[in-house]
Amino acid sequence: MKPMLYGVVGRFETPQALLAAIRTLREQEPGLRLEAYAPYAVEGLAEALRLPPTRVPLITLLAGIAGALGGFFMQWYAAVVSFPVNIGGRPLDSWPMFIPVAFEMAILCAALAAVFGMLFANGLPRLYHPIFNAPCFDLATRDRYFLCVRPGSVKGADFDVARRLRQLSRLGASDSGEVWS
Amino acid sequence: MAENDMDTTAVSAGTPVLGPGWTAGGVTDKISHIVLGRGGPWTRGWKAHWRWRGALLISFSGVLVLLSASAWLFMRGVGLFGVNMPVAWGFALGNFVWWIGIGHAGTFISAILLLLRQRWRTSINRYAEAMTLFAAGIAGLFPIFHLGRPWFAYWLLPYPNRMELWPQWRSPLVWDIFAISTYLLVSLLFWYVGLIPDLASLRDKARSRGKQLAYGLLALGWRGDARHWQRYESAYLLLAGLATPLVVSVHTVVSLDFAIGNTPGYHSTIFPPYFVAGALFSGFAMVVTLAIPLRHYLNLRDFITMRHLDLAARVMLACSLFVAYGYASEIFTAYYSGDAYEIHMTQDRFTGVYAPVYWAYICCNVLAPQILWSRRMRRNVPALLIISLVINAGMWMERFLIVVQSLHQDFLPSSWGVFVPSFWDWVFLLSSIALFVWLFLMFVRYLPLISMAEMRGLVQETSGEDVR
Numbered sequence: 002m003k004p005m006l007y008g009v010v011g012r013f014e015t016p017q018a019l020l021a022a023i024r025t026l027r028e029q030e031p032g033l034r035l036e037a038y039a040p041y042a043v044e045g046l047a048e049a050l051r052l053p054p055t056r057v058p059l060i061t062l063l064a065g066i067a068g069a070l071g072g073f074f075m076q077w078y079a080a081v082v083s084f085p086v087n088i089g090g091r092p093l094d095s096w097p098m099f100i101p102v103a104f105e106m107a108i109l110c111a112a113l114a115a116v117f118g119m120l121f122a123n124g125l126p127r128l129y130h131p132i133f134n135a136p137c138f139d140l141a142t143r144d145r146y147f148l149c150v151r152p153g154s155v156k157g158a159d160f161d162v163a164r165r166l167r168q169l170s171r172l173g174a175s176d177s178g179e180v181w182s
Numbered sequence: 005m006a007e008n009d010m011d012t013t014a015v016s017a018g019t020p021v022l023g024p025g026w027t028a029g030g031v032t033d034k035i036s037h038i039v040l041g042r043g044g045p046w047t048r049g050w051k052a053h054w055r056w057r058g059a060l061l062i063s064f065s066g067v068l069v070l071l072s073a074s075a076w077l078f079m080r081g082v083g084l085f086g087v088n089m090p091v092a093w094g095f096a097l098g099n100f101v102w103w104i105g106i107g108h109a110g111t112f113i114s115a116i117l118l119l120l121r122q123r124w125r126t127s128i129n130r131y132a133e134a135m136t137l138f139a140a141g142i143a144g145l146f147p148i149f150h151l152g153r154p155w156f157a158y159w160l161l162p163y164p165n166r167m168e169l170w171p172q173w174r175s176p177l178v179w180d181i182f183a184i185s186t187y188l189l190v191s192l193l194f195w196y197v198g199l200i201p202d203l204a205s206l207r208d209k210a211r212s213r214g215k216q217l218a219y220g221l222l223a224l225g226w227r228g229d230a231r232h233w234q235r236y237e238s239a240y241l242l243l244a245g246l247a248t249p250l251v252v253s254v255h256t257v258v259s260l261d262f263a264i265g266n267t268p269g270y271h272s273t274i275f276p277p278y279f280v281a282g283a284l285f286s287g288f289a290m291v292v293t294l295a296i297p298l299r300h301y302l303n304l305r306d307f308i309t310m311r312h313l314d315l316a317a318r319v320m321l322a323c324s325l326f327v328a329y330g331y332a333s334e335i336f337t338a339y340y341s342g343d344a345y346e347i348h349m350t351q352d353r354f355t356g357v358y359a360p361v362y363w364a365y366i367c368c369n370v371l372a373p374q375i376l377w378s379r380r381m382r383r384n385v386p387a388l389l390i391i392s393l394v395i396n397a398g399m400w401m402e403r404f405l406i407v408v409q410s411l412h413q414d415f416l417p418s419s420w421g422v423f424v425p426s427f428w429d430w431v432f433l434l435s436s437i438a439l440f441v442w443l444f445l446m447f448v449r450y451l452p453l454i455s456m457a458e459m460r461g462l463v464q465e466t467s468g469e470d471v472r
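Residue numbers (the numbering used here), protein chains in the order written: chain A, 2 to 182; chain B, 5 to 472.
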């Protein structure tokens with residue numbers, strides 16, 4: 002496969018430097034394709050990158066509702082339709098007794114949806130990714146912060162690697178380089 | 005004073021107390037070194053590690069004992085246990101409630117304290133979650149052990165079968181299997197999701213190909229992308245929010261196993277909150293029991309500080325008071341109801357065959373923890389270890405008494421009897437503790453026992469406050 006330019010990556014020493022660089026870039030060129038990599042969930046990073054809000058909570062809510070309804074329906078169907086047992090004339094649809102299982106099913110479905118929804122939206126598992134070729138990228142899980150400028154932000158525009166490299170070091174990147182996939 | 009300085013730089017008042025001078029890189033190296041380090045904690049031979057290796061060998065032989073005892077149990081049946089009529093629920097059920105209770109503090113620490121933004125939890129949540137997972141798993145074994153036909157345990161699950169039978173939805177035992185399996189799965193997910201960034205750290209720090217591969221596969225290719233972190237944080241918070249009511253519901257359902265029966269001593273409305281408080285009580289006692297040797301042996305005093313022990317001790321004290329309220333309420337309700345059987349059961353508790361157990365656990369669970377009112381004792385590590393062990397034992401006795409003493413004298417004097425634990429009862433109790441210890445030792449050896457990603461955040465954010 003022909004190697005393709007994945008992007009230009011700069012390394013930052015502190016989260017503050019990373020955030021400042023992102024804010025500057027976003028103000029100068031709002032359409033730029035930026036990717037940031039951090040060793041922990043840096044507060045304000047999503048806002049600085051202007052990421053759209055995640056849909057994980059919605060998926061979780063829907064799965065939780067589906068779990069509760071499904072769990073309740075399963076019990077109602079079993080006790081009323083499929084296997085009705087008359088015990089001392091008590092009602093078949095004794096719904097308060099069905100609440101515990103319905104509740105547990107709601108939690109279970111919601112939790113599974115939260116985790117698998119998150120992994121799916123993130124495109125994980127994905128063991129290989131071009132960004133792993135960035136110099137010293139193993140520090141991204143220790144204490145360094147990386148900013149990647151991807152080509153193709155503006156249709157048809159040239160991606161001037163040298164200019165981007167200079168721009169990143171001006172913004173405070175201690176080391177920058179290009180990454181090929 | 006250094007400690008006061010740390011308090012003032014905290015995110016919220018009085019939070020993270022780490023030893024001074026840690027950086028994001030430093031905490032990562034320190035914690036991953038425990039797992040990966042060459043010339044590190046595990047590779048220095050018998051002389052340096054006889055305690056670790058001794059504990060590992062003993063606990064592993066206990067695991068083998070548990071395996072062979074279960075094989076024997078499945079061959080010979082529950083007659084191995086000391087149970088008979090009228091006490092058909094013996095050690096197995098007591099152990100089950102005790103273990104599931106121990107499994108509560110982990111999720112409590114992780115989920116509820118996360119939602120309350122108590123960042124001191126960061127140092128202890130990972131291993132507390134592991135503790136939860138192992139304890140809840142072991143708890144799940146006991147109901148299966150005590151089934152006459154354990155190979156039919158899956159009949160409690162709804163699945164399409166040719167007999168067209170469904171589980172009995174109105175039975176708390178069916179609620180139990182849903183509650184416990186949900187709790188196990190959600191705890192596992194919560195733990196694993198928390199581990200993903202740390203597994204990526206280990207992958208990047210490992211030097212041998214095998215470890216890189218193993219941790220790399222488990223890390224699922226995590227790369228710390230800001231988009232990923234955003235969804236990750238959202239999912240993690242949601243899991244915490246879901247786990248919080250789950251913690252309460254699991255032990256509530258366990259208590260309903262008893263409360264829905266009309267046996268005197270079981271049939272009590274105080275049971276759900278009282279069981280949940282007791283669960284947190286034994287869980288926190290276990291957290292402290294594990295924290296003290298860990299911080300000592302692995303030199304983690306900067307991470308698991310006196311402040312953590314102090315706060316855990318306060319939680320234990322509060323739980324002790326809750327539990328004491330439960331005991332008092334049980335006695336009050338028995339006399340206030342005027343029900344002859346309830347009153348008899350209560351008096352039997354005070355003076356009957358099992359009275360020594362009763363008074364022993366009153367001493368362990370109500371009297372001993374009162375020492376923790378003293379700030380000096382809360383910061384006295386050996387005393388804290390002893391108290392937490394005493395509480396663990398006391399909570400086990402309480403669970404035993406609730407199960408056995410209520411059954412041994414119920415409505416009909418002609419059918420009264422006494423339960424005496426058999427040899428195998430003790431084998432299962434002790435070997436299940438060995439299994440727990442072995443699983444925990446394996447966890448400490450192969451996975452980071454403190455969340456590195458959260459520690460990095462904690463260190464960065466608190467050091468950032470100095471600059472501002």
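Just so it is clear, CB atoms sit at the ideal spot from N, CA and C, and this is done for glycine as well. Quantities reported herein were computed from a predicted structural model and do not represent experimental measurements.
Can you tell me whether residue i is buried or exposed, with buried defined as 16 or more other CB within 10 angstroms of its CB?
i	result
residue 165 of chain B	exposed
residue 323 of chain B	buried
residue 1 of chain A	The displayed coordinates of chain A run from 2 to 182. Any statement about residue 1 of chain A would go beyond what the structure contains.
residue 332 of chain B	exposed
residue 478 of chain B	A question about residue 478 of chain B goes unanswered here, because the residues of chain B that appear run from 5 up to 472.
residue 47 of chain B	exposed
residue 18 of chain B	Residue confidence is low: residue 18 of chain B scores 41 on pLDDT, short of 50, so the model does not pin down where it sits. Its coordinate-derived value is still stated next. With fewer than 16 other Cβ atoms within 10 Å, it is exposed.
residue 129 of chain B	buried
residue 9 of chain B	A caution first: residue 9 of chain B carries a pLDDT of 38, below 50, which makes its placement in the model too unreliable to give a value.
Of the residues the options, which one's Cα is nearest the Cα of residue i?
i	options	result
residue 67 of chain A	A/18, A/47, A/26 and A/112	A/112
residue 161 of chain B	B/425, B/183 and B/350	B/183
residue 99 of chain A	B/178, B/97 and B/89	B/178
residue 474 of chain B	B/435, B/211 and B/299	With chain B represented from 5 up to 472, any question about residue 474 of chain B goes unanswered, as that position is not in the structure.
residue 171 of chain B	A/162, A/84, A/61 and A/136	A/84
residue 390 of chain B	B/317, B/460 and B/405	B/317
Do you know how far the Cα of residue j is from the Cα of residue i?
i	j	result
residue 26 of chain B	residue 286 of chain B	32 Å
residue 75 of chain B	residue 334 of chain B	39 Å
residue 403 of chain B	residue 88 of chain A	32 Å
residue 63 of chain B	residue 423 of chain B	29 Å
residue 409 of chain B	residue 353 of chain B	7 Å
residue 119 of chain A	residue 190 of chain B	15 Å
residue 109 of chain B	residue 182 of chain A	46 Å
residue 319 of chain B	residue 450 of chain B	30 Å
residue 58 of chain B	residue 95 of chain A	55 Å
residue 222 of chain B	residue 200 of chain B	7 Å
residue 349 of chain B	residue 370 of chain B	21 Å
residue 124 of chain B	residue 383 of chain B	16 Å
residue 377 of chain B	residue 152 of chain B	46 Å
residue 86 of chain A	residue 180 of chain B	22 Å
residue 31 of chain A	residue 235 of chain B	22 Å
residue 122 of chain B	residue 394 of chain B	27 Å
residue 167 of chain A	residue 149 of chain A	13 Å
Tell me whether the beta-carbon of residue i lies closer than 9 Å to the beta-carbon of residue j.
i	j	result
residue 457 of chain B	residue 202 of chain B	yes
residue 47 of chain A	residue 233 of chain B	yes
residue 36 of chain A	residue 11 of chain A	no
residue 173 of chain B	residue 79 of chain A	yes
residue 95 of chain B	residue 432 of chain B	yes
residue 452 of chain B	residue 113 of chain B	no
residue 259 of chain B	residue 278 of chain B	yes
residue 249 of chain B	residue 104 of chain A	yes
residue 144 of chain A	residue 32 of chain B	yes
residue 187 of chain B	residue 105 of chain B	no
residue 271 of chain B	residue 263 of chain B	yes
(request) Compile a chain-ordered list of the residues in the region 244-262 of chain B whose CB is closer than 8 Å to at least one CB of chain A. (result) 246, 247, 249, 250, 253, 257 and 260
(message) Along the region 99-128 of chain A, where does the CB come closer than 8 Å to a CB of chain B? Name the residues.
(response) 99, 101, 102, 104, 105, 106, 108, 109, 111, 112, 113, 115, 116, 118, 119, 120, 122, 123, 125, 126, 127 and 128
(request) Note down, in chain order, all residues in the region 212-229 of chain B with a beta-carbon under 9 Å from any beta-carbon belonging to chain A. (result) 220, 221, 223, 224, 225, 226, 227, 228 and 229
(message) If the cut-off is 7 Å on Cβ atoms, which residues from the region 46-73 of chain A count as contacting chain B, listed in chain order?
(response) 46, 47, 50, 52, 55, 57, 58 and 61
(request) For the region 73-87 of chain A, enumerate the residues whose C-beta is nearer than 7 Å to any C-beta of chain B, in chain order. (result) 75, 76, 79, 80, 83 and 84
(request) Quick one: which residues of the region 136-154 of chain A get their C-beta closer than 7 Å to a C-beta of chain B? List them in chain order. (result) 139, 141, 142, 143 and 144
(request) Determine which residues of the region 25-49 of chain A have a Cβ less than 9 Å from any Cβ of chain B, and write them out in chain order. (result) 35, 36, 37, 38, 39, 40, 41, 42, 43, 44, 46, 47 and 49
(request) Please list the residues of the region 161-177 of chain A that have a C-beta atom closer than 9 Å to any C-beta atom in chain B, keeping them in chain order. (result) none
(request) Using a Cβ-Cβ cut-off of less than 8 Å, list which residues of the region 328-346 of chain B approach chain A; keep chain order. (result) none
(request) For the region 304-319 of chain B, enumerate the residues whose C-beta is nearer than 8 Å to any C-beta of chain A, in chain order. (result) none
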